[in-house]
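Residue numbers (the working numbering): 57 to 236.
The structure appears right after this line, and notes come after that.
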């Protein structure tokens, strides 16, 4: 227990009182306390052995973690497409799919590569594009994530772009190599 911690010990030394709910029901957790959502998920999976996907599709047997995901999945079998494109007559089973489709009409490209500033309509296309920047370039700038063939090129980049010195001295050999 951390000194100055607002948590109170309970009669059972293995429990900690974190507070109370609206109806004065004590909120008691067994130590160690999970502070992040990831820690709590890992704890629940290891300790409680619940089925992580208890919602099962009756038609195909696929399982889901929430009832909402199962309802969304059922549209595949029923053919229900509740989401309509505002620009054409196409319909979709998921809101995210119609939003993605409408970018064809609007030209919106919300996903931008920080290396070359090229924009994309889908996150997956951006991720695929960003892998191209990494091919055969093992030296990566930790500040802007650009990649380079050699450590020397990375050093030149860092000095020129991130040192605050716009007139950083670069040897002619390295300058010539990075300009080609």
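Ideal Cβ positions, reconstructed from N, Cα and C, are used throughout, including at glycine.
Query                                                                                                                             : Result
Segment limits, alpha helix (DSSP H) that includes residue 243                                                                    : The displayed coordinates of the chain run from 57 to 236. Any statement about residue 243 would go beyond what the structure contains.
Beta-carbon separation (whole angstroms), residue 148 vs residue 157, contact threshold 8 Å                                       : 7 Å
Where the alpha helix (DSSP H) containing residue 114 begins and where it ends                                                    : Residue 114 -> no alpha helix (DSSP H), and no H or E assigned at all.
Start-to-end residues for the alpha helix (DSSP H) that takes in residue 187                                                      : 179-190
Per DSSP, the bridge partner or partners of residue 168                                                                           : 175
Helix, strand or coil at residue 199 [DSSP, three-state]                                                                          : coil
Sequence-distant residues of the same chain with beta carbon closer than 8 Å to residue 137, five excluded per side               : 131, 147, 148 and 149
Helix, strand or coil at residue 218 according to DSSP, with G and I counted as helix                                             : helix
Cβ shell of residue 205 (< 6 Å), same chain only, five flanking positions each side left out                                      : 193
Beta-carbon proximity of residue 171 to residue 202, cut-off 9 Å                                                                  : yes
Of the residues 180, 213 and 184, the one placed nearest residue 195, counting alpha carbons only                                 : 213
Proximal residues to residue 140 (C-beta, below 6 Å), its chain only, five neighbours per side dropped                            : 147
Chain-order list of residues whose beta-carbon lies under 6 Å from that of residue 145 (same chain, five-residue window excluded) : none
Cβ neighbour criterion (16 or more within 10 Å) applied to residue 210                                                            : buried
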